[in-house]
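A.B. asks: The structure is given below, and queries will be raised subsequently.
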Amino acid sequence: MNGKWIIWCLLGAVCFIVSQPLLRLPILQYLQSSTDFMLAYTLNPMLFGILIALSAGVFEESFRFLFKQFLLKPHKCAFSQPIIFGLGHGVAEAIMVLLPALSIVPVSQLGLAFFERVMAIILHINLTILVWNGFQRNRRFIYLLIAIGIHGFVNSLIPILSQFQNSILFIEGALVVINILMTGYSYYSRKYYA
6 MNGKWIIWCL LGAVCFIVSQ PLLRLPILQY LQSSTDFMLA YTLNPMLFGI
56 LIALSAGVFE ESFRFLFKQF LLKPHKCAFS QPIIFGLGHG VAEAIMVLLP
106 ALSIVPVSQL GLAFFERVMA IILHINLTIL VWNGFQRNRR FIYLLIAIGI
156 HGFVNSLIPI LSQFQNSILF IEGALVVINI LMTGYSYYSR KYYA
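Start counting the sequence shown at 6; every next residue gets the next number (my numbering).
Have a look at this one:
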């Protein structure tokens, strides 16, 4: 790979930074400063929770798509490219989520948080493969929409399941099942690559 994997990994990390901390999160903060938005959220917390969850899929998958479209040529590539890009994306998110927690909670008490982040990294790798499959199969927008839908669905589990007792176990269990299914699909997808 001649060191290209470092570039792919860094581009994955940059993709996350652009799509979330630089764009989506400031937009959400701006909306939360609006009285109308907060009133609507208070009246429909489930609906708005799902829409906010879906927005993560829209931003992250759209930027994955844009990075592949404009920065990672050729479109037909080795199977290692989406894996390494997705790894960079997922690790960047894990650092952003876990670093603040490490400053206030001992590492020994972060077992579930570390497990959740590992599951999230695996999900990001699988979603990257899904977006890349669209380029390999010349069906870019269909695969992009599927990736947005899956990402939005996974994130929507948080507001939907958080109303139940032991919600963390339900959410993490669902994430494990989705990752198993998507990893099987990703393994099957190897045939689309050079």
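Heads up, the beta-carbon is just placed ideally off N, CA and C, and yes, glycines get one too.
Hey, Pro105 and Thr133 are a contact pair by Cβ (cut 8 Å); roughly how many whole angstroms apart?
C.D. replies: With 8 Å as the limit, Pro105 and Thr133 do not qualify as a contact, their Cβ atoms being about 25 Å apart.
A.B. asks: Rounded to the nearest angstrom, what separates Lys196 and Thr47 at their Cα positions?
C.D. replies: 48 Å
A.B. asks: So, is Lys73 buried or exposed, given that buried needs 16 or more other C-beta atoms within 10 angstroms?
C.D. replies: buried
A.B. asks: Is Ala99 helix, strand or coil when you go by DSSP?
C.D. replies: helix
A.B. asks: Here's the rule: buried if 16 or more other CB atoms are within 10 angstroms of the residue's CB, otherwise exposed. What is His156?
C.D. replies: Buried.
A.B. asks: Is DSSP giving Gln74 helix, strand or coil here?
C.D. replies: helix
A.B. asks: With Ile163 and Val63 assumed to form a contact (beta carbons below 8 Å), what rounded beta-carbon distance in angstroms separates them?
C.D. replies: Ile163 to Val63, Cβ: 16 Å. No contact.
A.B. asks: Using a Cβ-Cβ cutoff of less than 7 Å, which residues in the same chain neighbour Cys20 once the five nearest sequence positions on both sides are dropped?
C.D. replies: Phe68, Arg69, Phe72, His94
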